[in-house]
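A short worksheet on the structure shown next.
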């Protein structure tokens, strides 16, 4: 069994741990306060576990608040903006 | 602002990332397949984010399945058993 892998992004302002189970491949992670532009290589189902994300989805000009327990979906090969005003934990499932 | 801290337990079979926000102090983490005995120093609210935990709470002889989205609570200075049959992500809030 392989070891749990931890990844860091944006100069260690975002860190995640990967997992694979019956639900598929996913990560849980934490974002520090800041503003980020993410790119997708697969469809992503992103759920806020604790905290708050303010998100600008591909093709949208509007920033939308995603609260604890809420999920947004981004298709593959897109980019999306995220503003983080407090440390926020997320779960990201890949398809 | 301090860097996001990653902790490892049980010979790297459990890893977590700490955060603090309006909800308080918490961690998100992943448990590899295995069986673990955890001890608490504060009250813990443990929620399954992805996967499944089978838990024996303090003072109980029964193993109970905690599914995705479900939460169990353990008081401070207790120990509890966890069986993990697939990689499982959790959120643990401390009080």
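Protein chains in written order, with the numbering used here: chain R, 215 to 309; chain F, 215 to 309. Where a beta carbon is used, it is the ideal one built from N, C-alpha and C, also for glycine. Source: prediction; values computed, not measured.
Assign residue i to buried or exposed, taking buried as 16 or more other Cβ atoms, counted over all protein chains shown, within 10 Å of its Cβ.
i: residue 231 (chain F); result: buried
i: residue 301 (chain F); result: buried
i: residue 291 (chain R); result: exposed
i: residue 264 (chain F); result: buried
i: residue 221 (chain R); result: exposed
i: residue 240 (chain F); result: buried
i: residue 236 (chain R); result: exposed
Quick one: which chain F residues come within Cβ less than 7 Å of residue i?
i: residue 220 (chain R); result: 220 and 229
What does DSSP give as the partner residues of residue i in its beta bridges?
i: residue 283 (chain R); result: Residue 283 (chain R) pairs with nothing; no bridge assigned.
i: residue 258 (chain R); result: R:288 and R:308
i: residue 299 (chain R); result: Note: residue 299 (chain R) sits in no beta bridge, so no partner.
i: residue 235 (chain R); result: R:238
i: residue 271 (chain R); result: Residue 271 (chain R) is not bridged to any residue.
i: residue 312 (chain F); result: No statement about residue 312 (chain F) is possible, as the shown extent of chain F runs from 215 to 309 and does not include it.
i: residue 219 (chain R); result: DSSP lists no partner for residue 219 (chain R).
i: residue 278 (chain R); result: R:269
i: residue 244 (chain F); result: F:229 and F:303
How would you list, in chain order, the residues of chain R whose beta-carbon sits under 8 Å from the beta-carbon of residue i?
i: residue 240 (chain F); result: 264 and 303
i: residue 237 (chain F); result: 264, 265 and 282
i: residue 249 (chain F); result: Going along chain R, no residue has its Cβ under 8 Å from residue 249 (chain F), so there is no contact; the nearest lies around 14 Å.
Between residue i and residue j, what straight-line distance do the alpha-carbon atoms span, to the nearest angstrom?
i: residue 238 (chain R); j: residue 246 (chain F); result: 15 Å
i: residue 307 (chain F); j: residue 270 (chain R); result: 28 Å
i: residue 250 (chain F); j: residue 276 (chain R); result: 45 Å
i: residue 227 (chain R); j: residue 296 (chain F); result: 31 Å
i: residue 283 (chain R); j: residue 224 (chain F); result: 29 Å
i: residue 299 (chain F); j: residue 218 (chain F); result: 28 Å
i: residue 287 (chain F); j: residue 252 (chain F); result: 13 Å
i: residue 278 (chain F); j: residue 268 (chain F); result: 5 Å
What in chain F is Cβ-close to residue i, meaning under 8 Å?
i: residue 233 (chain R); result: 244, 264, 265, 301, 302 and 303
Residues of chain R with a CB under 9 Å from the CB of residue i: which are they?
i: residue 291 (chain F); result: Going along chain R, no residue has its Cβ under 9 Å from residue 291 (chain F), so there is no contact; the nearest lies around 24 Å.
i: residue 279 (chain F); result: Ordered by position in chain R, no residue passes the 9 Å Cβ test against residue 279 (chain F), which lies about 13 Å from the chain.
Mind listing the chain R neighbours of residue i? Cutoff is C-beta to C-beta under 7 Å, in chain order.
i: residue 217 (chain F); result: 226
Original post:
Per the contact definition of three or more C-beta pairs closer than 8 Å, is the region 240-256 of chain R in contact with the region 251-262 of chain F?
Top reply: Verdict: no, contact absent.
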